[in-house]
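**Q** Would you mind keeping the following structure in view while I ask a few things?
Residue numbers (our numbering): 2 to 298.
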């Protein structure tokens, strides 16, 4: 696969670091082996604040409903402006081990191959989710958050599946292990979310992304024990009944997915409605001492 990379630097970027990133991207495309030519925008930001400010403006301009960035945000992919774009936060990239760094960049390359057009960032709410919204009086904003979180989980699964199939095992295992490390921020968000049924459902769903990103590696004998142990630790604070339902979707439903992303998202939404969302909205009882969830939304 041939790739044309257009680089935009939003500040001072080290030339050697830039060369490493470009070489890694090009070699990844070559190993993935797709025939069509690809044009890629590569945006490099020197620090977190400049990257976050830019992405906030882009999300507002394109009406993106939900933010996915956390303190562990290193890089991301989108195609909002018509072609694949990878955005990298250089200070975060320098703060991780080389295998994590390379695994992260390759993960975004995988998105550019599989999800490189705006269509992959525009999904319609399936009828099963609309029916759930009517049943429980959920807002359209809430339904779009569910759809957004589900779509990124499915797309992350598809990317890891592709990269593992092409032999990118070591760096993907390192990257997934990095993502699975729990943080204090995760627990603070949990304390906010658990105060309501709606908040708890969204919080549990946010962990589907991690499970799905890890799922293809759990089929690899060399890494499955390590990844499984870290996955168990990463979700240990979520109530057991919800964990089991998440695993049923992330490690059961995902393995049934085909090659069509849109069909995959609809399939997982239907499974989520039946297995997790309706259960939480009906059965979950918020603790009396939990704080308000207004900040969670």
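C-beta atoms are modelled at their ideal positions from N, C-alpha and C, and glycine is treated no differently. Source: prediction; values computed, not measured.
Is residue 3 helix, strand or coil by DSSP?
**A** Coil.
**Q** By the DSSP assignment, the alpha helix (DSSP H) with residue 86 in it spans what residues?
**A** Taken as a continuous stretch (DSSP letters only), residue 86 belongs to no alpha helix (DSSP H), being part of the beta strand (DSSP E) at 86 to 90.
**Q** Can you tell me the Cα-Cα spacing of residue 213 and residue 285, whole angstroms?
**A** Rounded to the nearest angstrom, the two C-alpha atoms are 24 angstroms apart.
**Q** How would you call residue 234, buried or exposed, if buried means at least 16 neighbouring beta carbons within 10 angstroms?
**A** Classification for residue 234: exposed.
**Q** Can you say whether residue 261 is buried or exposed, counting buried as having 16 or more other CB atoms within 10 angstroms of its CB?
**A** Exposed, since its Cβ has fewer than 16 Cβ neighbours within 10 Å.
**Q** In three-state DSSP terms, what is residue 44?
**A** Residue 44: strand per DSSP, three-state reduction.
**Q** Identify whether residue 108 lies in helix, strand or coil by the three-state DSSP scheme.
**A** Of the three classes helix, strand and coil, the one that applies to residue 108 here is helix, per DSSP.
**Q** Take every Cβ of the segment 27 to 43, pair it with every Cβ of the segment 53 to 61, and state whether three or more of those distances are shorter than 8 angstroms.
**A** Too few Cβ pairs lie closer than 8 angstroms, so no.
**Q** Is the CB-CB distance between residue 287 and residue 175 below 8 angstroms?
**A** In this structure, residue 175 does not lie closer than 8 angstroms to residue 287 by Cβ.
**Q** Check for me: the beta strand (DSSP E) holding residue 77 runs from which residue to which?
**A** Note, residue 77: beta strand (DSSP E), 76 to 79.
**Q** Whole-angstrom Cβ separation of residue 204 and residue 190, contact assumed at under 8 angstroms?
**A** About 7 angstroms; that satisfies the 8 angstroms criterion.
**Q** Is residue 39 helix, strand or coil by DSSP?
**A** If DSSP states are grouped into helix, strand and coil, residue 39 belongs with the strands.
**Q** With a threshold of 6 angstroms on Cβ separation, who are the neighbours of residue 105 within its own chain once the five nearest residues in sequence on each side are excluded?
**A** So the qualifying residues of the chain are 75, 76, 176.
**Q** Pop quiz: residue 45 and residue 8 are said to be a contact at Cβ under 8 angstroms. What is the actual Cβ separation, rounded to whole angstroms?
**A** So it is a contact: roughly 7 angstroms between Cβ atoms.
**Q** From 202, 227, 182, 161, pick the residue whose C-alpha is nearest to that of residue 247; which is it?
**A** The shortest Cα separation from residue 247 among 202, 227, 182, 161 belongs to 202.
**Q** With a 10 Å radius around its C-beta and 16 neighbouring C-beta atoms as the bar for buried, classify residue 135 as buried or exposed.
**A** By the 10 Å Cβ count, residue 135 comes out exposed.
**Q** Leaving aside the five residues before and after residue 267 along the sequence, list all residues of the same chain whose C-beta is less than 7 angstroms from its C-beta, in chain order.
**A** Once the five neighbours on either side are set aside, the close Cβ partners of residue 267 are 127.
**Q** Within a Cβ cutoff of 6 angstroms, which residues of the same chain sit near residue 210, ignoring the five residues on either side of it in sequence?
**A** 153, 154, 157, listed in sequence order.
**Q** For residue 259, tell me which candidate among 162, 227, 173, 87 has the shortest Cα-Cα distance.
**A** Minimum Cα distance to residue 259 is reached at 162.
**Q** What is the DSSP secondary structure of residue 177, counted as helix, strand or coil?
**A** Looking at residue 177 - three-state DSSP - the assignment turns out to be helix.
**Q** What are the start and end residues of each continuous alpha helix (DSSP H) run of 4 or more residues lying completely inside the segment 117 to 142, in chain order?
**A** As far as the segment 117 to 142 is concerned, its whole alpha helix (DSSP H) runs of at least 4 residues are 128 to 137.
**Q** So, helix, strand or coil for residue 295, using DSSP?
**A** Because residue 295 sits at a pLDDT of 46, beneath the cut-off of 50, its placement in the model cannot be relied upon, and the following sentence gives the value as read from the coordinates. Of the three classes helix, strand and coil, the one that applies to residue 295 here is helix, per DSSP.
**Q** Output needed for residue 272: all residues of its chain with C-beta closer than 7 angstroms, excluding positions within five of it in sequence on either side, in chain order.
**A** Closer than 7 angstroms at Cβ, skipping near neighbours: 250, 254.
**Q** In this structure, does DSSP put residue 286 in helix, strand or coil?
**A** Residue 286 falls in the coil class under three-state DSSP.
**Q** Report the residue from 39, 125, 283 whose alpha carbon sits nearest the alpha carbon of residue 85.
**A** Ranking 39, 125, 283 by Cα distance to residue 85 puts 39 first.
**Q** Mapping the DSSP letters down to three states, classify residue 58 as helix, strand or coil.
**A** Here residue 58 sits in helix by DSSP.
**Q** Please return the same chain residues whose Cβ sits closer than 8 angstroms to the Cβ of residue 227, not counting the five positions on each side in sequence.
**A** The answer, listed in chain order, is 174, 178.
**Q** Identify every residue that forms a DSSP beta bridge with residue 156.
**A** Answer by DSSP bridge pairing: none, since residue 156 is not bridged.
**Q** Tell me which same chain residues have a C-beta within less than 7 angstroms of the C-beta of residue 276, skipping the five on either side of it?
**A** For residue 276, where only same-chain residues beyond five positions count, the Cβ hits under 7 angstroms are 246, 249, 250.
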